[in-house]
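Asks: Oh and the sequence shown: position 5 is 11 in my numbering, straight run, nothing missing. Even for Gly, the Cβ is constructed at its ideal location relative to N, Cα and C. Dumping the structure here so I can ask a few things about it.
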Amino acid sequence: MISPKRQSRCRCRGGSGSFEVQARVERFVEPALLLLLRDGPGHGYQLAEELAEIVGETRVDLGNLYRLLRSLEGEGLVQSSWRPDLPGPLKRTYEITDEGVDLLAAWVESLRASQARVASLISRYEESRRTA
């Protein structure tokens, strides 16, 4: 059974007794970030803008992004270096490591399995609506 605390973060009652449901994307940020870095090195602000597009958010919290980058770097999944050659203020640029590429591949397999389960749920829902 799902705890009431968890339910309140995923759905709530809207007006006139309807539910407002929003899929959670917190864990989706990690594979999305690894994908961006697989496509090429990037710095924090640039990555935040590109992540927002991928995860469908208007903006990505920079503090959370930098915490995730530090965590991934600590695990050897990304590496960073300061880039004095880039215009503007000094920027730390991040790039994915071979271990990060392996983790991204594992994420993609997990997401494929989730995608299949979601597709099955939607298909079953639509079938039951047609017969109801």
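For W146 versus L39, is the C-beta distance shorter than 8 Å?
Replies: Nothing about residue 146 can be reported from this structure: the residues present for the chain run from 7 to 138 only.
Asks: Using only the alpha-carbon positions, how far apart do D91 and R98 sit?
Replies: Answer to the nearest angstrom: the Cα atoms are 11 Å apart.
Asks: Measuring alpha carbon to alpha carbon, tell me which of L117, R44, H49 and Y131 ends up nearest R89.
Replies: When only C-alpha atoms are compared, the closest one is H49.
Asks: For the alpha helix (DSSP H) containing V66, name the first residue and the last one.
Replies: Looking at the DSSP string, V66 is not in any alpha helix (DSSP H), and its letter there is neither H nor E.
Asks: Using the C-alpha atoms, what's the distance from L83 back to D104?
Replies: Their backbone Cα atoms lie some 7 Å apart in a straight line.
Asks: Cβ atoms of R44 and I102: under 8 Å apart, would you say?
Replies: Yes. Within cutoff.
Asks: Tell me, which residues are paired with I102 by DSSP?
Replies: According to DSSP, I102 bridges with V84.
Asks: When every heavy atom of the ligand GTP is checked, does at least one fall within less than 7 Å of the C-beta of L127?
Replies: Here there are no bound small molecules, and the ligand GTP is not part of this structure.
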